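**Student:**
There are 4 protein chains.
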Amino acid sequence: MPSPAPTPRRVGRPRSAQADAAIMDATRAALVEVGWGKLTMGYVAARAGVAKTTLYRRWPNKGELVVHAVAALFDELELPDRGSLRGDIEGVVISFARMLQRPETNASLMAVVAESTHDPLLREHIREAIVDRQKHLVLQGRERAQARGELPPDAASSEENERLVDLIFDVIAGAVVHRTLVSAEPVDEQWAEAFTTLLLHGLVAASAPRGRGEGGSEGGYQDGSA
Amino acid sequence: MPSPAPTPRRVGRPRSAQADAAIMDATRAALVEVGWGKLTMGYVAARAGVAKTTLYRRWPNKGELVVHAVAALFDELELPDRGSLRGDIEGVVISFARMLQRPETNASLMAVVAESTHDPLLREHIREAIVDRQKHLVLQGRERAQARGELPPDAASSEENERLVDLIFDVIAGAVVHRTLVSAEPVDEQWAEAFTTLLLHGLVAASAPRGRGEGGSEGGYQDGSA
Amino acid sequence: MPSPAPTPRRVGRPRSAQADAAIMDATRAALVEVGWGKLTMGYVAARAGVAKTTLYRRWPNKGELVVHAVAALFDELELPDRGSLRGDIEGVVISFARMLQRPETNASLMAVVAESTHDPLLREHIREAIVDRQKHLVLQGRERAQARGELPPDAASSEENERLVDLIFDVIAGAVVHRTLVSAEPVDEQWAEAFTTLLLHGLVAASAPRGRGEGGSEGGYQDGSA
Amino acid sequence: MPSPAPTPRRVGRPRSAQADAAIMDATRAALVEVGWGKLTMGYVAARAGVAKTTLYRRWPNKGELVVHAVAALFDELELPDRGSLRGDIEGVVISFARMLQRPETNASLMAVVAESTHDPLLREHIREAIVDRQKHLVLQGRERAQARGELPPDAASSEENERLVDLIFDVIAGAVVHRTLVSAEPVDEQWAEAFTTLLLHGLVAASAPRGRGEGGSEGGYQDGSA
DNA sequence: CTCTAAGCGAGACGGTACGTCCCGTCTTCCT
DNA sequence: AGGAAGACGGGACGTACCGTCTCGCTTAGAG
Numbered sequence: 006m007p008s009p010a011p012t013p014r015r016v017g018r019p020r021s022a023q024a025d026a027a028i029m030d031a032t033r034a035a036l037v038e039v040g041w042g043k044l045t046m047g048y049v050a051a052r053a054g055v056a057k058t059t060l061y062r063r064w065p066n067k068g069e070l071v072v073h074a075v076a077a078l079f080d081e082l083e084l085p086d087r088g089s090l091r092g093d094i095e096g097v098v099i100s101f102a103r104m105l106q107r108p109e110t111n112a113s114l115m116a117v118v119a120e121s122t123h124d125p126l127l128r129e130h131i132r133e134a135i136v137d138r139q140k141h142l143v144l145q146g147r148e149r150a151q152a153r154g155e156l157p158p159d160a161a162s163s164e165e166n167e168r169l170v171d172l173i174f175d176v177i178a179g180a181v182v183h184r185t186l187v188s189a190e191p192v193d194e195q196w197a198e199a200f201t202t203l204l205l206h207g208l209v210a211a212s213a214p215r216g217r218g219e220g221g222s223e224g225g226y227q228d229g230s231a
Numbered sequence: 006m007p008s009p010a011p012t013p014r015r016v017g018r019p020r021s022a023q024a025d026a027a028i029m030d031a032t033r034a035a036l037v038e039v040g041w042g043k044l045t046m047g048y049v050a051a052r053a054g055v056a057k058t059t060l061y062r063r064w065p066n067k068g069e070l071v072v073h074a075v076a077a078l079f080d081e082l083e084l085p086d087r088g089s090l091r092g093d094i095e096g097v098v099i100s101f102a103r104m105l106q107r108p109e110t111n112a113s114l115m116a117v118v119a120e121s122t123h124d125p126l127l128r129e130h131i132r133e134a135i136v137d138r139q140k141h142l143v144l145q146g147r148e149r150a151q152a153r154g155e156l157p158p159d160a161a162s163s164e165e166n167e168r169l170v171d172l173i174f175d176v177i178a179g180a181v182v183h184r185t186l187v188s189a190e191p192v193d194e195q196w197a198e199a200f201t202t203l204l205l206h207g208l209v210a211a212s213a214p215r216g217r218g219e220g221g222s223e224g225g226y227q228d229g230s231a
Numbered sequence: 006m007p008s009p010a011p012t013p014r015r016v017g018r019p020r021s022a023q024a025d026a027a028i029m030d031a032t033r034a035a036l037v038e039v040g041w042g043k044l045t046m047g048y049v050a051a052r053a054g055v056a057k058t059t060l061y062r063r064w065p066n067k068g069e070l071v072v073h074a075v076a077a078l079f080d081e082l083e084l085p086d087r088g089s090l091r092g093d094i095e096g097v098v099i100s101f102a103r104m105l106q107r108p109e110t111n112a113s114l115m116a117v118v119a120e121s122t123h124d125p126l127l128r129e130h131i132r133e134a135i136v137d138r139q140k141h142l143v144l145q146g147r148e149r150a151q152a153r154g155e156l157p158p159d160a161a162s163s164e165e166n167e168r169l170v171d172l173i174f175d176v177i178a179g180a181v182v183h184r185t186l187v188s189a190e191p192v193d194e195q196w197a198e199a200f201t202t203l204l205l206h207g208l209v210a211a212s213a214p215r216g217r218g219e220g221g222s223e224g225g226y227q228d229g230s231a
Numbered sequence: 006m007p008s009p010a011p012t013p014r015r016v017g018r019p020r021s022a023q024a025d026a027a028i029m030d031a032t033r034a035a036l037v038e039v040g041w042g043k044l045t046m047g048y049v050a051a052r053a054g055v056a057k058t059t060l061y062r063r064w065p066n067k068g069e070l071v072v073h074a075v076a077a078l079f080d081e082l083e084l085p086d087r088g089s090l091r092g093d094i095e096g097v098v099i100s101f102a103r104m105l106q107r108p109e110t111n112a113s114l115m116a117v118v119a120e121s122t123h124d125p126l127l128r129e130h131i132r133e134a135i136v137d138r139q140k141h142l143v144l145q146g147r148e149r150a151q152a153r154g155e156l157p158p159d160a161a162s163s164e165e166n167e168r169l170v171d172l173i174f175d176v177i178a179g180a181v182v183h184r185t186l187v188s189a190e191p192v193d194e195q196w197a198e199a200f201t202t203l204l205l206h207g208l209v210a211a212s213a214p215r216g217r218g219e220g221g222s223e224g225g226y227q228d229g230s231a
């Protein structure tokens, strides 16, 4: 996919790539310093050594600029193969948490999400730039686990499949985000292990064929010892 | 400590309780209409039929006003006894989700949380007003389940106990919030059921005595059919 | 004229004379400190150790309060008989200037006059409280000079008489005020003497019967030496 | 000193001269309509068809704006040569009074002066913008009269000279201002003539060599008839 | 010698204007 | 054409006073 864009006009002086990078850096730095609410275009521009005009030539408003700057941070999320489902989950939990604990991400993610609650375009923007990117990791991990025989293969209905992936994604991302940003407690190895244990057992049940799942409630905690 | 509650000696004209209520209502209504970002003190005041100064006499700024207005919404969260752990979990998930889906909560919660990422006082405010209030529900549900024999009694170490409650809280609240606000998908009965199933199995494992928890990873999905 | 007021009601607690005095003092002190523009009722009240209500119970607004406080200062103006018209003029000039140089008067007079330029009621108030009181001194001095034979007796027309008194008053008060407040130079003995000399010669001409007055322009300065 | 006046290197969008003029006009109009006390920046801005910020970009506060607007009015003061000292004095008196009677000047001058009583910078501002400009007229008139032989040439001491000019200035300006603003009576031809007569005789005496001036007090009013 | 109408301190109230900050747009000149 | 500089129209901010309005307490004179 080299360049489907139909020749984007090449007249006049080209945009400075240097400016671009400086702006991204300045935006992230400013987010750390003052947060979304007090972040001003003027300050970003000044810090980047650039005129305000230059910002507006690239992004239509504050929101877009910040989302753009934040989204890039999510690119580094990866899912190294640790050989087991448990290992993979713990890995992603810890690496996701590590990212969220960096102040620029911390401050930015929630700010951007909050802004999105009454801005559908921004919400779509976030979905593309952040959510889908992360969801891909869940899929990848699941496939590996299935290959290893740790999880049953895909259900018949692809719709049901997607629902399951979405659920797992919301549980993992939700728990990590909530602990980091709302409870404001660190996601350390201990927490990651406990969470993984919880998830792992749930996963097995959730992935099992329908009609069996609700067994948990009756079985009680004596279940395992039988 | 000479006087236990010495009648705070109110002098001068007392604050109007009417105004207080009108402001809270106006704030929530305004949040629905325009969202956090465009909510203005002037508009809230006008809508409440009150002078802007009256707002500032009670709350030092927009943030505090909104947190206050939003926090009250969390008071209505309850945990009706549905007779089983599964029922209780589904109940709280759905009622929490229902609350989050109401536009005023939707817009406000994240906004307020986002604001808190660089405002420790606000963060403490949130913890008191919202987080602790919710955590209480988790405790309550767990006690009921223990009484019913659905979950094992408290672990020996109270520290470990607290860790577990915190974990469960982050998982429930996180998943619901994430699905509602980030994934922007509805929390319907179907999702609540699937989530509950997942959580239920995880819960049993997580609540079990240490040293057994990690069994899940090896056992695989064939576990149940053995 | 002992009390034409038809018994001004004597029920209830009478107004505190102490408060009255404290308010007047506080007002004048505040005028010195911050000037009219920044003088606030709250500050005057606080400084007088009195509630704002107490101020408004006595004067309907800031303007009236200040005029009242300032007018009292003019009461002390007197015209001691120095035995000659020249002496009397120098005396009044210096004592008037001395009053104007006191910071509370300095700041207040112009402020009040300025305020009066678009407030006819206040203007009338000033005329009664300040202007007429001063004009009386001019009349008194003139009568003494006439008695001494330094000035001709009143003209036939009383209207013309009044015009003359007004003119003299405007010249004296105007010159002193202008030097003090606009030119912002001190009215010392030297200036007072020079001004008196100027006025004295003018006075003789102005007081002379009509039809002769314009002689000055032709006569030139050689006039006296002839 | 490499560059004597290096072309101040104007960068960025220049200030709109149109806006400048509109603001001055609006300020003067507003002064007439509502007076100093009720003049608001918002109203001036609206009337000028300009944003409030544009006002504050040019003047730091209401006071400076108004002084600036008013000072310009004094530019039109001139001293047309009427051929005689008497004529010149009457001319300047009447044209000065005419200016003061215009409502915008009326309201503004005193307000600005009042404000200056506790603001040394403003006072200096006024001196430069208004007082010095007027004093120049006195000098000019005196020189003409000296050339015509109506007044004696400058005294030996230049210091004494300056004192005399200042005195005359305070008398003329003071009398006109006082009559207009404090006594609140019109300066008509009749008053101007009477005042001029008074001043003219005083002038001759005051301009005469020292040691003779005080003669007036003894001579009495019979002086002229001898 | 009580009763009671007014005075009083305190401070909340509805308002108006302030002067500031930032937004996103627009000129102007320079590269 | 891009970019730096900065003025512009606009909107909201949070503050400061205004003059009014409860409150509950105090106080002196009328009954």
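Chains as they are written, first to last, in the numbering used here: chain P, 6 to 231; chain E, 6 to 231; chain X, 6 to 231; chain F, 6 to 231.
The C-beta atom is built at its ideal place from N, Cα and C for all residues, glycine as well.
As the structure is a prediction and not an experimental result, all values here were calculated from the model.
Determine the contact status of X/D114 and X/V176, defining contact as a CB-CB distance below 8 Å.
**Tutor:** Residue 114 of chain X is actually Leu in this sequence, not Asp. Not closer than 8 Å, so no.
**Student:** Looking only at its own chain, which residues have a Cβ that is under 7 Å from the Cβ of F/V117, when we skip the five neighbours before and after it?
**Tutor:** Same-chain partners within the cutoff: V71, V72, V75, I131.
**Student:** Using a Cβ cut-off of 9 Å, pull out every chain X residue sitting near F/D171, in sequence order please.
**Tutor:** The answer, in chain order, is R184, S188, E190, W196.
**Student:** Using three-state DSSP, classify P/R18 as helix, strand or coil.
**Tutor:** Correct three-state label for P/R18: coil.
**Student:** Is P/L70 close to the ligand FMN? I mean its beta-carbon at under 7 Å from any heavy atom of the ligand.
**Tutor:** Among the components of this structure there are no ligands whatsoever, and the ligand FMN is therefore not found.
**Student:** Examine the Cβ distances between the region 87-95 of chain E and the region 151-163 of chain E and report whether three or more of them are shorter than 8 Å.
**Tutor:** Contact holds: three or more Cβ-Cβ distances are below 8 Å.
**Student:** With 7 Å as the limit, tell me which residues of the region 104-126 of chain E have their beta carbon closer than that to any beta carbon of chain P; keep them in chain order.
**Tutor:** Answer set for the region 104-126 of chain E: N111, A112, M115, A116, V118, A119, E120, T122, H123.
**Student:** State the CB to CB distance for the pair E/V170 and E/V143, rounded to an integer number of angstroms; the pair is presumed to be in contact (CB under 8 Å).
**Tutor:** That belief holds up - the Cβ atoms of E/V170 and E/V143 are roughly 6 Å apart, short of 8 Å.
**Student:** I'd like to know if the region 44-62 of chain F and the region 20-36 of chain F are in contact, where contact means that at least 3 CB-CB pairs between them fall below 8 Å.
**Tutor:** Judged by Cβ distances under 8 Å, the region 44-62 of chain F makes contact with the region 20-36 of chain F, as three or more pairs qualify.
**Student:** Would you say X/G96 lies against chain F (beta-carbon separation less than 8 Å)?
**Tutor:** Not an interface residue.
**Student:** How long is the line joining the alpha carbons of P/F174 and P/H206, rounded to whole angstroms?
**Tutor:** Near 16 Å, if we compare the C-alpha coordinates of P/H206 and P/F174.
**Student:** Keeping to the same chain, check which residues put their C-beta closer than 7 Å to that of F/T201; ignore five residues upstream and five downstream.
**Tutor:** Closer than 7 Å at the Cβ level, and outside the excluded window around F/T201, lie R91, I94, E95, V98.
**Student:** If you measure from the beta carbon of F/V16 to each beta carbon in chain X, is any gap under 8 Å?
**Tutor:** Judged by the 8 Å Cβ criterion, F/V16 is not in contact with chain X.
**Student:** If you draw a straight line from the alpha carbon of P/A119 to that of E/R107, how long is it in whole angstroms?
**Tutor:** Answer to the nearest angstrom: the Cα atoms are 15 Å apart.
**Student:** Between X/L78 and X/M104, is the Cβ-Cβ spacing less than 8 Å?
**Tutor:** In this structure, X/M104 lies closer than 8 Å to X/L78 by Cβ.
**Student:** Quick check for students: name the residue ranges of the alpha helix (DSSP H) that lie wholly in the region 163-210 of chain P, counting only runs of 4 or more.
**Tutor:** Fully enclosed alpha helix (DSSP H) runs of 4 or longer: 163-182.
**Student:** Does any residue of chain P have a CB that is nearer than 8 Å to the CB of E/G207?
**Tutor:** Answer yes: the Cβ-Cβ gap between E/G207 and chain P drops below 8 Å somewhere.
**Student:** Ends of the alpha helix (DSSP H) at F/D80?
**Tutor:** That residue, F/D80, is in no alpha helix (DSSP H); it is neither H nor E in DSSP.
**Student:** Just list the alpha helix (DSSP H) runs in the region 25-80 of chain F, keeping only unbroken ones of 4 residues or longer that don't cross its boundaries, in chain order.
**Tutor:** Listed in chain order, the complete alpha helix (DSSP H) runs (minimum 4 residues) inside the region 25-80 of chain F are 46-53, 57-63, 67-76.
**Student:** What whole-angstrom Cβ distance do P/A22 and P/V49 have, given they're in contact under 8 Å?
**Tutor:** Wrong, their Cβ atoms sit about 17 Å apart, outside the cutoff.
**Student:** Quick check on DSSP: helix, strand or coil for E/P108?
**Tutor:** E/P108: helix per DSSP, three-state reduction.
**Student:** Restricting to Cα atoms, I'd like to know which of E/S163, E/A178, E/L127 is closest to E/Q139.
**Tutor:** Residue E/A178 is the option with its Cα nearest to E/Q139.
**Student:** Spatial neighbours of F/S230 within its chain, please: CB distance less than 8 Å, with the 5 preceding and 5 following residues excluded, ordered by chain position.
**Tutor:** With a pLDDT of 36 at F/S230, under the threshold of 50, the modelled position of this residue cannot be trusted; read the value that follows with caution. Nothing listed; no residue qualifies.
**Student:** Helix, strand or coil: how does DSSP classify F/G92 here?
**Tutor:** Correct three-state label for F/G92: helix.
**Student:** How many angstroms separate the CA atom of X/R149 from the CA atom of X/A210?
**Tutor:** Cα to Cα, the separation comes out at about 18 Å.
**Student:** With P/T58 and P/A24 assumed to form a contact (beta carbons below 8 Å), what rounded beta-carbon distance in angstroms separates them?
**Tutor:** About 11 Å separates the two Cβ atoms, so there is no contact after all.
**Student:** On the premise that X/A199 lies in contact with F/R168, defined as a C-beta separation below 8 Å, what is that separation, rounded to the nearest angstrom?
**Tutor:** Confirmed, Cβ separation roughly 7 Å.
**Student:** Can you tell me whether F/A56 is buried or exposed? The criterion is at least 16 other CB atoms within 10 Å of its CB, across all chains shown.
**Tutor:** Flag for F/A56 reads exposed.
**Student:** Can you tell which of E/T110, E/R147, E/A102, E/K67 has its C-alpha closest to the C-alpha of E/D1?
**Tutor:** This structure gives no information on residue 1 of chain E, because the portion of chain E shown stretches from 6 to 231.
**Student:** Classify F/E129 as helix, strand or coil using the three-state DSSP reduction.
**Tutor:** Residue state, collapsed to three classes: helix.
**Student:** How big is the Cα-Cα spacing for P/H253 and P/K67?
**Tutor:** Outside the displayed range of chain P (6 to 231) lies residue 253 of chain P, so it cannot be described from this structure.
**Student:** Hey, F/L186 and X/L172: beta-carbon distance below 8 Å or not?
**Tutor:** Going by C-beta atoms, F/L186 is not nearer than 8 Å to X/L172.
**Student:** Given this structure, state the Cα-to-Cα distance separating F/S121 from F/R18, to the nearest angstrom.
**Tutor:** In a straight line, the C-alpha of F/S121 is about 34 Å away from that of F/R18.
**Student:** Can you pull the chain F residues whose beta carbon is under 9 Å from the beta carbon of X/W41, in chain order?
**Tutor:** A119, E120, T122, H123, listed in chain order.
**Student:** Can you give the Cα-Cα distance for F/E129 and X/L127, rounded to whole angstroms?
**Tutor:** Roughly 29 Å between the two C-alpha positions.
**Student:** Is it buried or exposed, P/R20, if we count other Cβ atoms within 10 angstroms and call 16 or more buried?
**Tutor:** Classification for P/R20: exposed.
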